[in-house]
Amino acid sequence: MTELPPELPSAYHRRLPYGERMSAEPLIGSPFFPFEGDLQVVPLADPVLPEPPRRGADGGPPCPKCADPDGSVIWRDEQWTLKAFEPTGLPLVAILEPREHYRLDNLPPELTATLGSVIQRVAKAIQSIDSVGRTHFNRWGDGSEHFHLWFLARPLGMMQLRGAMIAAWDDMLPKIPAGEFTANTRLVAAALAKDGGEAVGSVGAE
Numbered sequence: 007m008t009e010l011p012p013e014l015p016s017a018y019h020r021r022l023p024y025g026e027r028m029s030a031e032p033l034i035g036s037p038f039f040p041f042e043g044d045l046q047v048v049p050l051a052d053p054v055l056p057e058p059p060r061r062g063a064d065g066g067p068p069c070p071k072c073a074d075p076d077g078s079v080i081w082r083d084e085q086w087t088l089k090a091f092e093p094t095g096l097p098l099v100a101i102l103e104p105r106e107h108y109r110l111d112n113l114p115p116e117l118t119a120t121l122g123s124v125i126q127r128v129a130k131a132i133q134s135i136d137s138v139g140r141t142h143f144n145r146w147g148d149g150s151e152h153f154h155l156w157f158l159a160r161p162l163g164m165m166q167l168r169g170a171m172i173a174a175w176d177d178m179l180p181k182i183p184a185g186e187f188t189a190n191t192r193l194v195a196a197a198l199a200k201d202g203g204e205a206v207g208s209v210g211a212e
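Count along the sequence shown from 1, add 6, and you get the number used in my numbering.
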């Protein structure tokens, strides 16, 4: 165990075993954990204080959304955009973002009021892909300050992919063909546009 810096901010931080390896035993055997056998967890790193600024924050790298507002966008309306970057292991991975730069904590009431309905719309549109059983969505917010939600399409019948480890499965599964990715993005964009906004036709062009 490493010597702990005296400025650790809380009792939670001060009781953690920095420099030691945690056991993976609580996860092994879980129906949603994609690994088996002997696993070695990386040592727990010391906290980085103060935390480095996120992309788009003062002192951090530029906000990628603000630098290229239309990059990878497949659908948009006056408030929101939906992006899909490239083929991955899942039928579709997309990001919902407000068109203007806001964090979650300063999202204005008019955007907060529509967030629930647009989440429903995106989830339903992604489930219109024939290979999709459910739509998972997550918010981490540790990379970019510009508020964004991740949407991950869980393939129909693939029950191992339920839960938080779907993001790891996305990295490990073979990438879907480019033509299939294009068809999926266009299907989702068109489904969303039926209820408002516009599909961005140039996205996914072959």
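Each residue gets a CB set at the ideal place from its N, CA and C atoms; glycine is no exception. Keep in mind that this is a model prediction, so the values were computed, not measured.
Check: Need the endpoints of the alpha helix (DSSP H) that W175 sits in, please.; Outcome: 172 to 178
Check: Check the DSSP bridge columns for S150 and list the partner residues they point to.; Outcome: R61
Check: By alpha-carbon positions, which one of F39, P53, G65, L96 ends up nearest to R137?; Outcome: According to the sequence provided, residue 137 is Ser. The question's Arg does not apply to it. Nearest of F39, P53, G65, L96 to S137, Cα basis: L96.
Check: Looking only at its chain, what residues have a beta carbon closer than 8 Å to the beta carbon of R105, apart from the 5 residues adjacent to it on each side?; Outcome: P75, R82, E84, Q85, W86, T87
Check: For the beta strand (DSSP E) containing I125, name the first residue and the last one.; Outcome: Looking at the DSSP string, I125 is not in any beta strand (DSSP E); the run it does join, the alpha helix (DSSP H), is 115 to 132.
Check: According to DSSP, is A73 part of a helix, a strand, or is it coil?; Outcome: helix
Check: Starting from V79 and walking both ways along the beta strand (DSSP E), at which residues does that stretch end?; Outcome: 79 to 82
Check: So what does DSSP say about E106, is it helix, strand or coil?; Outcome: coil
Check: Are the stretch 51 to 68 and the stretch 138 to 154 in contact at 8 Å, needing three or more beta carbon pairs?; Outcome: yes
Check: Answer yes or no: do T94 and K200 have a C-beta to C-beta separation smaller than 9 Å?; Outcome: no
Check: Tell whether a beta-carbon distance below 9 Å holds between F143 and L162.; Outcome: no
Check: For N112, count neighbouring Cβ atoms within 10 angstroms of its own Cβ and tell me buried if that reaches 16, exposed if not.; Outcome: exposed
Check: Quick check: what's the CA-CA separation for A195 versus P115?; Outcome: 25 Å
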